[in-house]
Amino acid sequence: MIAQADDTLTIYERSKAGRRAFVVPALDVPPRSIDELLPAALRRAEPARLPEVAEPEIVRHYNRLSKRNFDLDTGFYPLGSCTMKHNPKLHERIAALPGHARMHPLQDPSAAQGALELMWRLQEALGEIAGLPHVSLQPSAGSQGELAGVLLTRAYHEDRGQHRTKVLTPDTAHGTNPATVTMGGYDVVKVVSDAHGNVDLDDLRAKADEDVACLMLTNPSTLGLFETGIEEIERIVHGVGATLYYDGANLNAIMGISRPGDMGFDIVHFNLHKSFTQPHGGGGPGAGPVAVSERIEPYLPRPQVVRRESSTNGKEPFYDLDYDRPKSIGRLRGFQGNYGVFVRSYAYIRSLGAPGLRDASETAVLNANYLLARLRREGVMEYLPAAYDRLCMHEFVLSGEPMRRQLQVKTLDLAKRLLDHGVHPPTVYFPLIVEEALMVEPTETETKETLDHFAEIVAEILREAREDPSVAQHAPYTTPVRRLDEARAARRPVVRQAMNGN
Amino acid sequence: MTRYTSATDADREEMLATIGVSSVQELFADIPNRLRLNRQLALGDGLSEPEVFEEFRALAARNVSSDDEISFLGAGMYDHYVPALIDSIIMRSEFLTPYTPYQPEISQGGLQAMFEYQTAISELTGLPVSNASVYEGPSAVAAAGYVAKHTNNRRRFVVSRGVHPHSRETLRTHAHAWEMEVSEAPLDAGATQLPELSDEVSAVIVQQPNFLGAVEDLASIAQSAHAAGALVIAACDPLPLALLKTPAECGVDIVVGEGQSLGNRLDFGGPSFGFFAATEALMRRMPGRIAGETVDVDGKRGFVLTLQTREQHIRREKATSNICTAQALNALAGVIYLSWLGRRGVVELVELMLQRTAYARERLTAIAGVTQLHEKPVVREFAVELGAPVGAVIARCREQGVNPGYPLWRDYPEHADGLLVAITERRTKADIDRLADVLGGAVSAEREAVGVST
Chain Y
90 MIAQADDTLT
100 IYERSKAGRR
110 AFVVPALDVP
120 PRSIDELLPA
130 ALRRAEPARL
140 PEVAEPEIVR
150 HYNRLSKRNF
160 DLDTGFYPLG
170 SCTMKHNPKL
180 HERIAALPGH
190 ARMHPLQDPS
200 AAQGALELMW
210 RLQEALGEIA
220 GLPHVSLQPS
230 AGSQGELAGV
240 LLTRAYHEDR
250 GQHRTKVLTP
260 DTAHGTNPAT
270 VTMGGYDVVK
280 VVSDAHGNVD
290 LDDLRAKADE
300 DVACLMLTNP
310 STLGLFETGI
320 EEIERIVHGV
330 GATLYYDGAN
340 LNAIMGISRP
350 GDMGFDIVHF
360 NLHKSFTQPH
370 GGGGPGAGPV
380 AVSERIEPYL
390 PRPQVVRRES
400 STNGKEPFYD
410 LDYDRPKSIG
420 RLRGFQGNYG
430 VFVRSYAYIR
440 SLGAPGLRDA
450 SETAVLNANY
460 LLARLRREGV
470 MEYLPAAYDR
480 LCMHEFVLSG
490 EPMRRQLQVK
500 TLDLAKRLLD
510 HGVHPPTVYF
520 PLIVEEALMV
530 EPTETETKET
540 LDHFAEIVAE
550 ILREAREDPS
560 VAQHAPYTTP
570 VRRLDEARAA
580 RRPVVRQAMN
590 GN
Chain X
4 MTRYTSATDA
14 DREEMLATIG
24 VSSVQELFAD
34 IPNRLRLNRQ
44 LALGDGLSEP
54 EVFEEFRALA
64 ARNVSSDDEI
74 SFLGAGMYDH
84 YVPALIDSII
94 MRSEFLTPYT
104 PYQPEISQGG
114 LQAMFEYQTA
124 ISELTGLPVS
134 NASVYEGPSA
144 VAAAGYVAKH
154 TNNRRRFVVS
164 RGVHPHSRET
174 LRTHAHAWEM
184 EVSEAPLDAG
194 ATQLPELSDE
204 VSAVIVQQPN
214 FLGAVEDLAS
224 IAQSAHAAGA
234 LVIAACDPLP
244 LALLKTPAEC
254 GVDIVVGEGQ
264 SLGNRLDFGG
274 PSFGFFAATE
284 ALMRRMPGRI
294 AGETVDVDGK
304 RGFVLTLQTR
314 EQHIRREKAT
324 SNICTAQALN
334 ALAGVIYLSW
344 LGRRGVVELV
354 ELMLQRTAYA
364 RERLTAIAGV
374 TQLHEKPVVR
384 EFAVELGAPV
394 GAVIARCREQ
404 GVNPGYPLWR
414 DYPEHADGLL
424 VAITERRTKA
434 DIDRLADVLG
444 GAVSAEREAV
454 GVST
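These protein sequence lines map, in sequence, to chains Y and X. Per our numbering, the very first residue in the first sequence carries number 90; after that it's consecutive. Per our numbering, the very first residue in the second sequence carries number 4; after that it's consecutive.
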């Protein structure tokens with residue numbers, strides 16, 4: 090048999106001198122010597138060694154690569170904390186309309202009224218969902234939204250002549266929270282969780298003092314649990330003059346049901362790539378707008394999209410970029426944010442409307458609780474119990490510790506065996522406070538049949554593990570590659586294609 | 004039920020029974036009553052797909068896009084042609100809809116694409132290590148500053164006035180929180196004039212070509228900076244790098260930049276991607292994802308996210324950055340674009356822009372009253388002083404379907420009638436001739452209006 094073509098060749102390894110996909114447009118101006126336009130001393134000696142490949146092979150190469158990816162449009166993707174809900178196809182069509190896609194970001198506002206109005210309307214909608222009146226769409230991702238929140242907090246305190254030094258984060262927090270606190274120039278102080286998975290109020294009281302600038306909280310928490318003590322948390326945090334920051338990673342549980350602003354949060358960031366359907370793109374792009382209360386508003390990033398009412402009766406309002414914001418923290422990035430993401434997310438909000446958003450959250454919570462109930466069965470719950478025996482919100486956390494102890498099958502092994510069954514594993518080993526954690530977020534767009542099937546697969550893997558744990562321990566078997574040597578990759582990093590000469 | 008959910012009434016009943024509750028409301032019992040929204044959100048009802056399409060088509064129709072006028076706007080984002088094969092590839096569900104490749108066994112396509120992207124950025128910049136992309140250009144400048152801060156713990160950045168105003172402002176936003184100072188190096192005749200550098204300077208930050216289009220002498224800037232023990236950060240426009248001496252050859256430590264011009268659409272400013280490349284010495288301080296090559300248990304070649312001990316999900320408050328996801332899809336478009344251009348094509352493309360830009364510069368400065376803002380070499384963008392009120396001139400041009408470029412008054416008050424003009428390969432000689440005619444007419448009319456003799 091003839092050997093299969095090597096499907097791991099890179100585009101550089103498919104290159105051959107003389108091939109090309111690009112034909113340059115004709116030179117239609119009087120030619121000048123390159124030396125005259127750009128002196129040789131400023132030019133590179135050797136060309137960049139980009140591939141030399143014709144169009145058919147580029148297309149075939151990347152199509153082949155695509156088939157080595159698992160994706161949401163193909164199968165179940167219950168990756169906790171990531172809200173892998175369906176990405177409506179309509180959104181790609183409208184985002185590609187030339188009036189959106191071919192808009193230069195520095196176009197004069199008078200010639201960008203559609204784009205600015207869309208952004209203004211999205212700001213209004215997000216403000217209503219958050220229960221906070223003022224929104225900046227600028228942050229590029231959740232992590233940048235968090236940084237915005239910390240910088241807004243700093244600006245707020247500085248404006249009051251206060252120099253605070255610490256930010257509190259629960260021990261269940263996403264890694265981005267403490268990393269952001271450091272980037273924002275504060276020290277991290279960790280608050281522990283109580284036996285029910287809530288913030289430990291005594292620990293919070295002990296650590297909340299006048300040096301604390303902010304508490305960053307996710308609610309529901311990363312355990313998929315609603316903080317039942319949120320009202321007391323709010324009193325403690327505001328009692329010492331700190332701000333209360335809402336990490337919107339888990340907003341998908343409560344849209345139209347409860348609002349962070351009504352809980353007393355001062356600053357909220359949204360992940361438009363989670364709750365609001367921007368496709369994840371294999372790791373970006375996203376967007377991380379922030380909504381804030383009245384007292385934080387003066388510090389929002391610059392420029393801000395505003396609607397100026399016309400003084401003449403009957404004239405249309407004018408949508409504009411407001412740069413005149415003397416107390417602003419300034420820019421977090423270039424231009425006005427990830428507009429293409431705004432188009433998709435606002436389309437989603439318009440498609441669902443208020444009843445649809447509420448239905449999405451209710452169904453997300455229903456699906457999660459149903460799947461959790463299906464996994465509370467003999468043959469599963471002895472090995473993979475819920476970390477906290479409560480109703481969950483839109484996601485839940487199991488502990489694989491009994492499975493590891495009794496079957497010598499780790500959570501990682503279970504995850505890898507799931508790959509052989511054609512589903513994406515849940516988030517593993519997070520949150521850190523749960524041993525051998527498995528964090529499951531089914532989202533509202535999955536059918537009951539899919540959830541039933543997943544529960545069957547988990548039961549099957551555990552049954553198999555009881556008979557022969559080595560099957561899971563060495564999984565996967567059916568994927569394009571099997572377990573990869575990550576230690577080797579880190580020890581001797583090969584982070585680019587090696588090339589021979591020129 | 005919405006059109007994106009599937010739970011029928013019968014499903015709900017069965018699911019609630021399995022859970023052991025009688026209503027969906029019971030699932031929210033943990034939320035105190037006082038905190039429930041006892042009304043509907045003020046967002047109206049949902050719309051059907053045709054209705055949503057129509058609403059967004061109508062919004063798009065109220066924008067003047069680069070299809071609707073002959074546009075010479077640049078200043079950080081450029082109207083390059085995006086080849087059809089990019090749309091065809093990045094719209095594939097397998098690239099569009101996965102999350103970050105946390106499970107490498109089923110993410111080899113995305114991981115290998117990152118590896119190929121990193122290679123292309125490494126080739127353009129000459130630096131050995133590129134990450135898998137960051138958010139976009141200006142925040143990449145701040146991210147590079149954060150690496151410098153942690154490398155030498157010095158307290159000041161010196162940033163050239165030739166760096167994009169958005170990048171300078173973004174750097175200041177961040178530096179304030181790091182309790183670091185930012186001072187500006189002025190431009191002289193279009194190029195950066197470095198002041199005397201003290202041992203407090205953490206990094207010198209320049210842009211290549213700079214915001215006014217001038218090609219900077221990176222090598223001598225790097226030499227002065229290194230003599231003072233500072234790092235050198237260059238924000239580079241990626242396409243001109245195909246012709247220019249590589250930042251690595253010039254001694255630059257970190258190269259960042261806006262990647263939009265590499266196969267990404269304008270999208271009113273985003274999403275695009277930022278690139279971030281550095282020397283080997285700085286590899287373990289870099290932000291963001293990095294894909295690396297390895298083997299699986301059968302010895303088969305494969306790719307993983309590597310050096311993850313830098314990152315927030317492992318190191319938390321000690322991480323080198325808070326960034327988690329990159330701009331994978333946009334960076335994928337970038338590497339497809341560079342593969343499409345290829346080794347010779349990228350040079351041919353930039354040489355074409357060089358020629359047309361030189362022609363445009365010559366045509367515009369032949370207009371009475373219009374002068375070059377500087378005489379430095381340029382690649383695809385240059386600046387002129389109009390000798391007439393720039394806002395009024397632009398308005399006159401736009402009435403004739405020509406957007407002549409970006410006015411400098413907001414960012415460079417010292418060039419109150421300055422105009423920045425970008426020439427991509429989409430702007431032909433005919434377009435440039437039209438620009439010269441229309442701009443000439445507009446400048447002359449404005450000069451007459453204020454009584455300057457021509």
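Glycine is no exception: its CB is placed at the ideal position from the N, C-alpha and C atoms.
Minimum C-alpha distance to residue i - residue among the options
i, options, result
"residue 192/Y", "527/Y, 239/Y, 432/Y, 509/Y", "432/Y"
"residue 570/Y", "388/X, 280/X, 299/X", "299/X"
"residue 256/Y", "249/Y, 250/Y, 236/Y, 169/Y", "236/Y"
"residue 178/Y", "436/X, 55/X, 319/X", "55/X"
"residue 107/X", "555/Y, 568/Y, 106/Y", "568/Y"
"residue 63/X", "363/Y, 279/Y, 182/Y", "182/Y"
"residue 275/Y", "282/Y, 343/Y, 266/Y, 168/Y", "266/Y"
"residue 270/X", "422/Y, 426/Y, 351/Y", "426/Y"
"residue 263/Y", "315/X, 183/X, 234/X, 100/X", "315/X"
"residue 298/Y", "113/Y, 403/Y, 289/Y, 326/Y", "326/Y"
Residue-chain proximity (residue i, chain Y), Cβ-Cβ < 8 Å
i, result
"residue 36/X", "no"
"residue 102/X", "yes"
"residue 414/X", "no"
"residue 83/X", "no"
"residue 201/X", "no"
"residue 271/X", "yes"
"residue 377/X", "no"
"residue 115/X", "yes"
"residue 112/X", "yes"
"residue 449/X", "no"
"residue 153/X", "no"
"residue 418/X", "no"
"residue 94/X", "yes"
"residue 327/X", "yes"
Proximal residues to residue i (C-beta, below 7 Å), its chain only, five neighbours per side dropped
i, result
"residue 144/Y", "110"
"residue 420/X", "388, 389, 390, 391, 392, 393"
"residue 393/Y", "225, 411, 414"
"residue 273/Y", "236, 239, 240, 243"
Residue(s) in a DSSP beta bridge with residue i
i, result
"residue 334/Y", "305/Y, 356/Y"
"residue 408/Y", "396/Y"
"residue 159/X", "184/X, 204/X"
"residue 58/Y", "Chain Y is shown from 90 up to 591; residue 58/Y falls before or after that span and cannot be answered."
"residue 132/Y", "247/X"
"residue 528/Y", "486/Y, 516/Y"
Within-8 Å CB hit, residue i to chain X
i, result
"residue 281/Y", "no"
"residue 303/Y", "no"
"residue 424/Y", "yes"
"residue 206/Y", "yes"
"residue 583/Y", "yes"
"residue 428/Y", "yes"
"residue 589/Y", "no"
"residue 111/Y", "yes"
Residues of its chain near residue i, where Cβ-Cβ distance is below 6 Å and the 5 sequence neighbours each way are ignored
i, result
"residue 591/Y", "Confidence is the limiting factor: at residue 591/Y the pLDDT is only 45, short of 50, which leaves the residue's position unreliable, though a coordinate-based value still follows. Answer for residue 591/Y: 135, listed in chain order."
"residue 354/Y", "333, 335"
The ligand SAM heavy atom lying under 7 Å from the CB of residue i
i, result
"residue 225/X", "What this structure holds is no ligand at all, so the ligand SAM is not there to describe."
Chain-order list of residues whose beta-carbon lies under 8 Å from that of residue i (same chain, five-residue window excluded)
i, result
"residue 457/X", "Confidence at residue 457/X is low in this model, with a pLDDT of 47, below 50, so the placement of that residue should be treated as unreliable; the coordinate-derived value is given next. So the qualifying residues of the chain are 371, 372, 447, 450, 451."
- Message: Please give the ranges of any alpha helix (DSSP H) in the region 352-418 of chain X, keeping only runs that are unbroken, at least 4 residues long and fully inside the region.
- Response: Counting whole runs of 4 or more residues, the region 352-418 of chain X contains the alpha helix (DSSP H) stretches 393-402.
- Message: Report the start-end ranges of each beta strand (DSSP E) in the region 209-257 of chain X that is 3 residues or longer and not cut off at the edges.
- Response: Counting whole runs of 3 or more residues, the region 209-257 of chain X contains the beta strand (DSSP E) stretches 234-239.
- Item | Complete beta strand (DSSP E) runs within the region 447-510 of chain Y (minimum length 3 residues, chain order) | Listed in chain order, the complete beta strand (DSSP E) runs (minimum 3 residues) inside the region 447-510 of chain Y are 485-488.
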